[in-house]
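Worksheet for the structure shown next.
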């Protein structure tokens, strides 16, 4: 309290503040007591205790169930961390490949000029169209041979 400014120390030592603090604690204790007696006791504590009393001989030890739940929770947290770690590195690799490709393409266009780069793009487009056309033709021939239709 010595580290607080002077004006805050006077407020904290004021009788009204002490009264409000005590009243709030009493009010909170009253509400929590009411919550326990009206909600927790009849709807949670008693049914669970009756259930455990009836099935205590056939149920496994509660400590072992608790340990199993904790182990499963920790395992799920570890798997979630590993998943997020792997996905981060995969996303980073894809972003790096994308931006390196964009920068490489820009560097290529800068070095050879726009006209030669356009010719290169046209050549690649023609190559791709040739491969696709050849694939479509061979697919049609294979489908016709499979159907038994002579060409």
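In UniProt numbering, the protein residues as written are 1 to 151.
Even glycine gets a Cβ: it sits at the ideal position worked out from N, Cα and C.
Report task. Measure the C-alpha to C-alpha separation of residue 156 and residue 37 and round it to an integer number of angstroms. Result -> Residue 156 lies beyond the stretch modelled for the chain, which goes from 1 to 151, so this question has no answer here.
Query raised in the report: Expressed to the nearest angstrom, what Euclidean distance is found between the alpha-carbon atoms of residue 4 and residue 10?
Result: 10 Å
Query - Continuous beta strand (DSSP E) assignments of at least 3 residues falling wholly in the region 115-146 - result: none
Query raised in the report: Which of helix, strand or coil does DSSP assign to residue 14?
Result: coil
Query raised in the report: Which residues mark the beginning and the end of the alpha helix (DSSP H) in which residue 39 is found?
Result: Neither: residue 39 is in no alpha helix (DSSP H) and is coded neither H nor E.
**Report entry** Residue interval of the alpha helix (DSSP H) (run including residue 80)
**Finding:** 62-112
Report task. May I ask which residues mark the beginning and end of the alpha helix (DSSP H) holding residue 52? Result -> 46-54
Report task. Would you kindly work out how many angstroms separate the C-alpha atoms of residue 47 and residue 27, rounded to a whole number? Result -> 28 Å
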